[in-house]
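This note's numbering puts the sequence shown at residues 3 to 403.
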Amino acid sequence: MNDSRDCAGPVGSYPYPHYGTEATPALHSLIQNEIRERGPISFARYMELALYHDSLGYYTRGKQNIGKEGDFITSVSIGKTFGTILAHRIYNYWTECGSPSSFHLVELAANDGQLALDILSELRDSFPELFASVRYHICEHLPVMAKLQADKLQSFSQLLSHYNDPAELSEQALSGIALSNELIDAMPVRLVRKYQAQWHELLVTNDEEGFAYTESAELDTELQQFTQKLPPELCEGYTTEYRPRLAEFCHSVAGILETGLVITIDYGYSRSAYYDEHRTTGTLRTYFKHQAGEDPLIEPGRLDITAHVDFTQLALAFREAGLGITDFSPQASYLTRHGSCWLQGLEQLPWEKQQKFIRQFQTLTHPSMMGRQFLVLECKKGCPDAPRAIDLCEINTTSSS
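Okay, structure coming up:
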């Protein structure tokens, strides 16, 4: 058994103030009881309970977790600029498609609905012909979030549909765009660690202080296939993450569209950077009051738990689901490219509004802020790969996910 504090957090993160496991006693006890009954559980199961338990999880307790008063900021919480530029991208794609009279937007896990509000508001105000053709679908499996979304989007209720799962849309053969922002990073991950030249899964068990990691005796087939593709030179003790539901998710998203575009925005790396030899503790981290933490095993339900996205794995999964990889860009260049007309139009606004939107844009695109950390992957149904996007995703045409 490993030291329970030998944590799989990211290099350079630091601990937030510790409030003790009594901060979330009900969820803590629930997880402990499951471990007593079933034995050690995968970290993915622990993360699922910590984030998504029906009433006790981080995202289901109705807690304010985004913005200055929450635990972290997002591109959406910076202001309406992010959604506005995405609306311009949507418009440009709609015109590329011949300006169809029926066009569907699907947002996967829409949080509190703010991004949908910003996009639809800009479409209404700037692109009325497109707005008249739009139906907006939200796939949301958390009832508390679905209610927040419905409340925030009351003014657009006639355009709005809710679904629990992308698979529910698969029979409708939609044409349009499916998009997500900071969704993949919150998908539960399994953990593996290299020990004595062999890979082992890190499981979660009970100890006297709360929870601890323990190593599995052997890997199952899924993790064997994953670890066989990791660089063989990775050092002893190297720890990293694997998303077990990613391929299934990508297939379900691809199944939504008969023709169309999938836009995925998140923080992460392509494969060579993700599995860099110096990234010895992986990318797993927690957030509380805007501080990054190193130990996800304390205070389940109180802390956000996240891991960066392996965009090579993501692109391969979408590719195997039948999509062509057409663009892979840092958020900075993506927003600059698709927001150029909007930026030029700011000159017509009063000075104070100009400066407000420019500050938001700078936050979203500056390399030391969100511009380089966040990446955008575009995939198209019924479209061949773009060679440059394939190269940037580090996809060898003979490789598989």
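No residue lacks a Cβ here, since even glycine has one placed at the ideal position from N, Cα and C. These figures come from a predicted structure and were not determined experimentally.
- [ ] Tell me Ala309's beta-bridge partners as DSSP assigns them.
- [x] Taking the first residue of the sequence shown as 1, we reach residue 309 at position 307. Per DSSP, none; premise fails for Ala309.
- [ ] Please classify Phe129: does DSSP put it in a helix, a strand, or coil?
- [x] If you number the sequence shown from 1, residue 129 lands on position 127. Three-state result, Phe129: coil.
- [ ] Identify whether Tyr61 lies in helix, strand or coil by the three-state DSSP scheme.
- [x] In the sequence shown, counting from the first residue as 1, residue 61 sits at position 59. Here Tyr61 sits in coil by DSSP.
Open item on the list: Assuming contact is defined by CB atoms lying nearer than 8 Å, are Gly270 and Leu185 in contact in what I supplied?
Closed with: Within the sequence shown, numbered from 1, the residue matching residue 270 stands at position 268. Within the sequence shown, numbered from 1, the residue matching residue 185 stands at position 183. Against a cut-off of 8 Å, the Cβ pair of Leu185 and Gly270 comes out as no contact.
- [ ] Quick one: using the 10 Å Cβ neighbour count with 16 as the cut-off for buried, is Pro42 buried or exposed?
- [x] For the purposes of this step, residue 42 is taken as the residue at position 40 of the sequence shown. With 16 or more Cβ atoms within 10 Å of its Cβ, Pro42 is classed as buried.
- [ ] Take Ala388 and list the residues in its own chain whose beta-carbon comes closer than 7 Å to its own, dropping the five residues that flank it on each side.
- [x] The residue you call residue 388 lines up with position 386 of the sequence shown. The residues are Ile327, Thr328 and Asp329.
Task: Per-residue burial, Gln160 [other beta carbons within 10 Å of its own, 16 or more giving buried] - done: Translated into positions along the sequence shown, residue 160 becomes position 158. Looking at its Cβ environment, which holds fewer than 16 other Cβ atoms inside 10 Å, Gln160 is exposed.
- [ ] For Leu110, name the three-state secondary structure that DSSP assigns.
- [x] Counted from its first residue, the sequence shown places residue 110 at position 108. Leu110: strand per DSSP, three-state reduction.
Task: CA nearest to the CA of Ser254, picked from Ser135, Leu171 and Pro386 - done: By 1-based counting over the sequence shown, the position of residue 254 is 252. The shortest C-alpha separation from Ser254 is found at Leu171.
Open item on the list: Here's a check: name, in chain order, each residue in its chain whose Cβ is nearer than 7 Å to the Cβ of His106, leaving out the five neighbours to either side.
Closed with: On the sequence shown, residue 106 is found 104 positions in, with the first residue counted as 1. Only Arg137, His139, Leu176, Ser177 and Gly178 meet the Cβ criterion.
Task: Any 3 or more C-beta pairs closer than 8 Å across the segment 224-241 and the segment 194-202 - done: yes
Open item on the list: Please tell me whether Glu380 and Pro190 are closer than 8 Å, where the distance is taken between their beta carbons.
Closed with: Here residue 380 refers to the residue found at position 378 of the sequence shown. Here residue 190 refers to the residue found at position 188 of the sequence shown. No; because the gap between Cβ atoms is not below 8 Å, this pair is not in contact.
Task: Beta carbon of Leu193 nearer than 8 Å to that of Phe45 - done: One-based indexing of the sequence shown puts residue 193 at position 191. One-based indexing of the sequence shown puts residue 45 at position 43. Yes, they are a contact pair.
Open item on the list: Are the CB atoms of Ala256 and Leu366 within a distance shorter than 8 Å?
Closed with: Translated into positions along the sequence shown, residue 366 becomes position 364. Translated into positions along the sequence shown, residue 256 becomes position 254. Going by C-beta atoms, Leu366 is not nearer than 8 Å to Ala256.
Task: Val146 - DSSP class collapsed to helix/strand/coil - done: Here residue 146 is taken as the residue at index 144 of the sequence shown, counted from 1. Correct three-state label for Val146: helix.
TODO: Could you please give me the residues that DSSP links to Leu181 through a beta bridge?
DONE: The count along the sequence shown starts at 1 and reaches residue 181 at position 179. Leu181 pairs with Glu109 and Ile265.
Open item on the list: Taking 8 Å as the threshold (beta carbon to beta carbon), is Ile37 in contact with chain D?
Closed with: No chain D is part of this structure, which consists of one protein chain only.
TODO: Find the nearest neighbour of Asp114 within the set Ala219, Pro145 and Pro332, judged by alpha-carbon distance.
DONE: Stepping through the sequence shown from its first residue, residue 114 is reached at position 112. Minimum Cα distance to Asp114 is reached at Pro145.
Task: Range covered by the beta strand (DSSP E) that runs through Gln213 - done: Here the question's residue 213 lines up with position 211 in the sequence shown. Looking at the sequence shown, residue 213 is not Gln but Phe. First-last of the beta strand (DSSP E) with Phe213: Gly212 to Glu217.
Open item on the list: Among the candidates Pro332, Ile397, Asn398 and Ala309, whose CA atom is the shortest distance from the CA of Pro369?
Closed with: As a first step, residue 369 is located in the sequence shown; it is residue number 367 there, counting from the start. Considering only alpha carbons, the answer is Pro332.
Open item on the list: Mapping the DSSP letters down to three states, classify Gly100 as helix, strand or coil.
Closed with: As a position in the sequence shown, residue 100 is number 98, starting the count at 1. Coil at Gly100, not helix or strand.
Open item on the list: Please list the terminal residues of the continuous beta strand (DSSP E) segment that includes Gln293.
Closed with: Counting from one through the sequence shown, the residue named residue 293 turns up at place 291. Note, Gln293: beta strand (DSSP E), Gln293 to Gly295.
- [ ] Would you check if the distance between the CB atom of Thr26 and the CB atom of Arg304 is smaller than 8 Å?
- [x] What you label residue 26 is simply residue 24 of the sequence shown in a count that begins at 1. What you label residue 304 is simply residue 302 of the sequence shown in a count that begins at 1. It is a contact, given that the beta carbons lie within the stated cut-off.
TODO: Please report the residue range of the beta strand (DSSP E) in which Gln200 lies.
DONE: What you label residue 200 is simply residue 198 of the sequence shown in a count that begins at 1. Gln200 -> beta strand (DSSP E) spans Gln200 to Asp209.
Task: Span separating the alpha-carbon of Gln346 from that of Ile397 - done: Counting from 1 along the sequence shown, the entry for residue 346 is found at position 344. Counting from 1 along the sequence shown, the entry for residue 397 is found at position 395. Rounded to whole angstroms, Gln346 to Ile397 spans 36 Å at the Cα level.
Task: Proximal residues to Ala152 (C-beta, below 8 Å), its chain only, five neighbours per side dropped - done: Along the sequence shown, one-based indexing puts residue 152 at 150. The answer, listed in chain order, is Gly115, Ser159, Leu162 and His164.
TODO: Check whether the Cβ atoms of Ala148 and Leu125 sit closer than 8 Å, and answer yes or no.
DONE: What you label residue 148 is simply residue 146 of the sequence shown in a count that begins at 1. What you label residue 125 is simply residue 123 of the sequence shown in a count that begins at 1. For Ala148 and Leu125, no; Cβs fall outside 8 Å.
Open item on the list: Classify Glu24: buried if its beta carbon has 16 or more other beta carbons within 10 angstroms, exposed otherwise.
Closed with: Within the sequence shown, the letter at position 22 stands for residue 24. At Glu24, the pLDDT of 41 sits below 50, so the modelled position is not reliable; the number obtained from the coordinates is stated separately. Glu24 is exposed by the Cβ-count criterion.
- [ ] Pull up the distance between the alpha-carbon of Met372 and that of Asp268, whole angstroms please.
- [x] Against the sequence shown, residue 372 aligns to sequence position 370. Against the sequence shown, residue 268 aligns to sequence position 266. If I take the Cα positions, the gap works out to 10 Å.
Open item on the list: When you compare the segment 244-252 with the segment 306-322, are there three or more beta-carbon pairs, one atom per stretch, that lie closer than 8 Å?
Closed with: yes
TODO: Please name the residue in Ala112, Leu53, Ile92 and Leu58 whose C-alpha comes closest to that of Thr76.
DONE: Numbered from 1 along the sequence shown, position 74 holds the residue referred to as residue 76. Nearest option by C-alpha distance: Ala112.
Task: Buried versus exposed, by CB contacts within 10 Å (16 or more), Cys395 - done: As a first step, residue 395 must be located in the sequence shown, where it is residue number 393. Buried, since its Cβ has 16 or more Cβ neighbours within 10 Å.
- [ ] Could you check how far apart the C-beta atoms of Gly85 and Ile121 are, in whole angstroms? I think they sit under 8 Å.
- [x] Residue 85 sits at position 83 when you count from the first residue of the sequence shown. Residue 121 sits at position 119 when you count from the first residue of the sequence shown. Contact holds; Cβ gap of about 5 Å.
TODO: Sort Gly69, Phe129 and Leu119 by Cα distance to Trp344 and report the nearest one.
DONE: Here residue 344 refers to the residue found at position 342 when the sequence shown is read from its first residue. The residue with the shortest Cα to Cα distance from Trp344 is Phe129.
Open item on the list: List, from N- to C-terminal side, the beta strand (DSSP E) runs of 3 residues or more that fit wholly inside the segment 313-375.
Closed with: 325-332
TODO: Using the Cα positions of Tyr197 and Asp187, report the straight-line distance between them to the nearest angstrom.
DONE: In the sequence shown, residue 197 corresponds to position 195, counting from 1. In the sequence shown, residue 187 corresponds to position 185, counting from 1. Rounded to whole angstroms, Tyr197 to Asp187 spans 26 Å at the Cα level.
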